[in-house]
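If you read the sequences in order, they're chains A and B. The opening residue of the first sequence carries number 1 in the UniProt record's numbering; numbering runs sequentially from there. The opening residue of the second sequence carries number 1 in the UniProt record's numbering; numbering runs sequentially from there. Read the structure below first, then the notes.
Number of protein chains: 2
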Amino acid sequence: MTAAQAGPAAQFGVDNLPYGVFSAPGIGPRVGVRLGENVIDLSVLLGDEVFARPTLNAFLARGPDTWAAVRARVTELVAGSVRSDAVHAADTVVMHLPFEVADYVDFYASERHASNLGRMLRPGQPPLLPNWRHLPVAYHGRSGTVVVSGTEIVRPCGQFVPDGGGAPVFGPTRRLDLEVELGFVVGVPSAPGSRIGPDEFGEHVFGAVLVNDWSARDIQSWEGAPLGPFLGKSFATSISPWVVPLAALGAARIDLPAQDPEPLPYLRGSGQWGLDVRLTLSVNGQAVSWPQYRGMYWSPAQMLAHATVNGARARTGDLLASGTVSGPERGEYGSLIELSWNGTEPVPVGDQVRTFLEDGDEVTLTASAPGPGGTRIGFGEVRGRIGAARP
Amino acid sequence: MTAAQAGPAAQFGVDNLPYGVFSAPGIGPRVGVRLGENVIDLSVLLGDEVFARPTLNAFLARGPDTWAAVRARVTELVAGSVRSDAVHAADTVVMHLPFEVADYVDFYASERHASNLGRMLRPGQPPLLPNWRHLPVAYHGRSGTVVVSGTEIVRPCGQFVPDGGGAPVFGPTRRLDLEVELGFVVGVPSAPGSRIGPDEFGEHVFGAVLVNDWSARDIQSWEGAPLGPFLGKSFATSISPWVVPLAALGAARIDLPAQDPEPLPYLRGSGQWGLDVRLTLSVNGQAVSWPQYRGMYWSPAQMLAHATVNGARARTGDLLASGTVSGPERGEYGSLIELSWNGTEPVPVGDQVRTFLEDGDEVTLTASAPGPGGTRIGFGEVRGRIGAARP
Chain A
1 MTAAQAGPAA QFGVDNLPYG VFSAPGIGPR VGVRLGENVI DLSVLLGDEV FARPTLNAFL
61 ARGPDTWAAV RARVTELVAG SVRSDAVHAA DTVVMHLPFE VADYVDFYAS ERHASNLGRM
121 LRPGQPPLLP NWRHLPVAYH GRSGTVVVSG TEIVRPCGQF VPDGGGAPVF GPTRRLDLEV
181 ELGFVVGVPS APGSRIGPDE FGEHVFGAVL VNDWSARDIQ SWEGAPLGPF LGKSFATSIS
241 PWVVPLAALG AARIDLPAQD PEPLPYLRGS GQWGLDVRLT LSVNGQAVSW PQYRGMYWSP
301 AQMLAHATVN GARARTGDLL ASGTVSGPER GEYGSLIELS WNGTEPVPVG DQVRTFLEDG
361 DEVTLTASAP GPGGTRIGFG EVRGRIGAAR P
Chain B
1 MTAAQAGPAA QFGVDNLPYG VFSAPGIGPR VGVRLGENVI DLSVLLGDEV FARPTLNAFL
61 ARGPDTWAAV RARVTELVAG SVRSDAVHAA DTVVMHLPFE VADYVDFYAS ERHASNLGRM
121 LRPGQPPLLP NWRHLPVAYH GRSGTVVVSG TEIVRPCGQF VPDGGGAPVF GPTRRLDLEV
181 ELGFVVGVPS APGSRIGPDE FGEHVFGAVL VNDWSARDIQ SWEGAPLGPF LGKSFATSIS
241 PWVVPLAALG AARIDLPAQD PEPLPYLRGS GQWGLDVRLT LSVNGQAVSW PQYRGMYWSP
301 AQMLAHATVN GARARTGDLL ASGTVSGPER GEYGSLIELS WNGTEPVPVG DQVRTFLEDG
361 DEVTLTASAP GPGGTRIGFG EVRGRIGAAR P
């Protein structure tokens, strides 16, 4: 059969070829690429042991020359007849976390998101804090709770101040939220003490995934001073199973929005770019928001340059997430706290409304970007259903 | 020879037996225990492959029954004549990072430290924020830059606001600091969605290390709102090479200080304990402070219970650091920002003074705790010398 003929899924065409880790009955976790409705087993197709492993990390560590060579070879091979034992229908495989996460850094790169939060949480004060336009604000998240799409999200318990104030109580979060983000995956590590300049992004970063940074807003707001988010975020972060290579996102590159003031030299590059990625947030199958990555203030390359400017080494499997993608209109906000304006304006979800998430709700993020010649590059989806809190 | 006869080092007696990873000429990194002035190669002594590995993780994952059995067997064997090919003089081996760090969480568990910082940074306001007595405040640090004692600490560059204010500048930190901490190492993972109660600490945690959480105060203060520390901490965190087992710290257990208000039930245990560990901070060989762990407000078990109460799984290699250990007297403060009161009162260091660290300075933390029968259990040291910033 010709794998490319195997289905309509135009977002997984030959110009995309994202990488993931799958298993099937009798076939242990290994690396595949997605093509149409099929998954191509690279360990069979290419006979390279690096693809017989249960994570992408070893392949990611090999670097841009290998990434390009493998992509070229796969493109060539799938144009012809692919041996049938390398081809699995995508709906018959189980997808796994595609890479072992080293350090997970979550940024705050959307001006609208940061401003919305500032307006809600610091009313009467300037919506952006003084540092925001000078550096890409970020914090380290919990690597060990990054999970693949489809993993149930158990409503976390924690400590928070009840409505009306008073002493903190313990219980299931009452303000469970999501955050629509894009994440970038480091392949090639940097040496301790060295920096990755903004023009060196492509020498280290392999590709991008969808990220849902689940957030318990009541826990987060009580715990967060002065050291930032901890348990309000650390229960789960979901990512999509397919890592879209940067090589597939060439046509999606766009100019950055204007940055004022001009960033310090270490954040300037000769060819800074943003990405024209269009995302959709759905709750229970109802689309509720359409964030666009194109408006993000800080570029992916600036995020990585900042994260390493102090000499911190980057490692294979580092995940740098953008922070919530929120556009200027309410229909482009990337979290429920923004869409419901801190819970005061319920959001229509089909024939229901939501402020924050209820048990049983299923949240799905999808995204696509321009590909060559008018095609679309799809990111697939990241999905999670809310399970009831455990006592 | 009898290994126990090999040297004076009373803090590494038979009641201690801390674990580390060493290499020697012709001998790759593997697990050893420290006894006196010697390192005993456990892969040779016990013939178990788990000790032939370059990290402790696989051994740590085996759990308390194995930890106890190995400790009993090693104690028995070193009482007799140890085969000479298992014994190396400690001053002839190279020590490595003892475990692969999974997630690194840094707490803020000293009331005096949190109060001191509050007084300096929020003058005129209550020194403790409202959440501090209700939960052990913490944030995630960078796992990939945890390094072993002896690793050079290159002065980090970053963005900060110059003295006198104005626009931020980029350059080497001018306020490079240290933090005296104790860290706890998770051996047995927890299942996603489960919690580790305060009485289950010993079923998961293997032992303790010394931690120096290097901090660039100018970078930290500019970047830190609203998401907490990032580049001001992520350039390096040093730990001691020897992991002291909890089993060696039985005689060091003490009652916790009174906690008021009473913590929520998930933070209460039937047998909560603190640790009588006495630390010494030295700069360039001159002791400048003597923090004591015994005054820490939140217990190690409360830190782990809190970190997992939202269902976040713990993994083998998780490092939970206490935050700066500061006692009530100035001679017990665990950081230079406290010892120099935010740089206003220079600290005598031999015949010199310091506010923050200068290039070439060497910082050493040591510690010991009571052992059985009047002995001392030593933690060894964590040491780092400041190297000049790289342009």
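Idealized CB from N, CA, C, for every residue including glycine. All figures in this text were calculated on a predicted structure; none of them were measured in a lab.
- Message: Taking its Cβ as the centre, do 16 or more other Cβ atoms sit within 10 Å of Ala236(A), making it buried, or is it exposed?
- Response: buried
- Pick out whichever of Ala252(A), Pro291(A) and Ala287(A) has its Cα sitting closest to the Cα of Trp273(A). Ala252(A)
- Query: Smallest Cα separation from Tyr108(A): which of Leu275(B), Ala225(B), Phe170(B) and Glu362(B)?
  - Reply: Ala225(B)
- Ends of the beta strand (DSSP E) at Asn57(A)? Run containing Asn57(A): none in the beta strand (DSSP E); it sits in the alpha helix (DSSP H), Asn57 to Ala61.
- Item | Beta-carbon neighbours of Arg298(A), restricted to chain B and to distances below 9 angstroms | In the sequence under discussion, the amino acid at residue 298(A) is Trp, which differs from the Arg named in the question. The premise fails here: Trp298(A) is roughly 13 angstroms from chain B at the closest Cβ pair, so nothing lies under 9 angstroms.
- In this structure, what does DSSP give as the bridge partners for Tyr139(B)? Asp106(B)
- Item | Rounded C-alpha distance that separates His204(A) from Val147(B) | 22 angstroms
- Item | Contacts that Leu231(A) makes with chain B (C-beta to C-beta distance below 8 angstroms) | His306, Ala307, Val309, Asn310 and Ala312
- Item | Inter-residue CB distance, Thr316(A) and Gly187(A) (contact presumed, cutoff 8 angstroms) | 6 angstroms
- Message: Mapping the DSSP letters down to three states, classify residue 392(B) as helix, strand or coil.
- Response: Given a span of 1 to 391 for chain B in the structure shown, any question on residue 392(B) remains unanswerable.
- Message: Please confirm whether Met303(A) has its beta-carbon closer than 8 angstroms to some beta-carbon of chain B.
- Response: no
- Task: Report buried or exposed for Val39(B), applying the criterion of at least 16 other Cβ atoms within 10 angstroms of its Cβ.
- Result: buried
- Roughly how far, in whole angstroms, is the beta-carbon of Ser43(B) from the beta-carbon of Tyr104(B), given that I think they are within contact range, below 8 angstroms? Ser43(B) to Tyr104(B), Cβ: 27 angstroms. No contact.
- Item | Cross-chain neighbours of Ala52(B) in chain A, by beta carbon under 9 angstroms | The premise fails here: Ala52(B) is roughly 22 angstroms from chain A at the closest Cβ pair, so nothing lies under 9 angstroms.
- Just the C-alpha distance for Thr308(A) and Ser194(A), rounded to the nearest angstrom, thanks. 7 angstroms
- Message: Against chain B, with Cβ distances strictly below 8 angstroms, would Asn131(A) count as a contact?
- Response: yes
- Message: Between which two residues does the beta strand (DSSP E) holding Ala24(B) run?
- Response: Tyr19 to Ala24
- Message: I need the DSSP call for Ile196(B), collapsed to helix, strand or coil.
- Response: coil
- Message: Taking the straight line between their C-alpha atoms, what separation do you get for Ser238(A) and Ile254(B)?
- Response: 41 angstroms
- What residue ranges within the segment 32-83 of chain B form continuous alpha helix (DSSP H) runs of no fewer than 4 residues, ordered along the chain? 42-46, 57-61 and 64-78
- Give every residue of the same chain whose Cβ lies closer than 6 angstroms to the Cβ of Thr366(B), excluding the five residues on either side of it in the sequence, and list them in chain order. Thr280 and Glu381
- Query: Whose Cβ in chain B lies nearer than 7 angstroms to the Cβ of Leu135(A)?
  - Reply: Gln159 and Glu223
- Task: Go through its chain and collect everything with a Cβ distance to residue 403(A)'s Cβ below 6 angstroms, but skip five positions before and after it.
- Result: Residue 403(A) cannot be examined here, being either before or after the span of chain A that is shown, 1 to 391.
- Item | Unbroken beta strand (DSSP E) run spanning Pro127(A), endpoints | From DSSP, Pro127(A) is part of no beta strand (DSSP E); its letter is neither H nor E.
- Task: Given a cut-off of 8 angstroms, decide if Phe206(A) and Trp67(A) are closer than it, judged by their beta-carbon atoms.
- Result: yes
- Item | Neighbour flag for Ser143(A) against chain B, beta carbons, 8 angstroms | yes
- Is the segment 171-191 of chain B close to the segment 210-217 of chain B, with three or more CB pairs under 8 angstroms? yes
- Item | Opening and closing residue of the alpha helix (DSSP H) in which His204(A) lies | Phe201 to His204
- Query: Who are the neighbours of Asp103(A) on chain B, taking C-beta pairs under 7 angstroms?
  - Reply: Arg142, Ser143 and Gly144
- Would you kindly work out how many angstroms separate the C-alpha atoms of Gly32(B) and Ser23(B), rounded to a whole number? 9 angstroms
- Query: Considering only the beta carbon of each residue, do Asp15(B) and Ala248(B) sit closer than 8 angstroms?
  - Reply: yes
- Give the residues from the segment 174-196 of chain B that approach chain A closer than 9 angstroms (Cβ to any Cβ), ordered along the chain. Pro189, Pro192, Gly193, Ser194 and Arg195
- Report, in whole angstroms, the separation of the C-beta atoms of Asn57(B) and Phe12(B), which I expect to be a contact under 8 angstroms. Contact doesn't hold; Cβ gap of about 23 angstroms is too wide.
- Query: Under a CB-based cut-off of 8 angstroms, is Gly334(B) close to chain A?
  - Reply: no
- To the nearest angstrom, report how far apart Ala90(B) and Gly171(B) are at their CA atoms. 39 angstroms
- Query: Would you call Pro8(A) buried or exposed, if buried means 16 or more other Cβ atoms sit within 10 Å of its Cβ?
  - Reply: Low per-residue confidence applies at Pro8(A): pLDDT is 39, beneath 50, and the placement is therefore not dependable enough to give any value.
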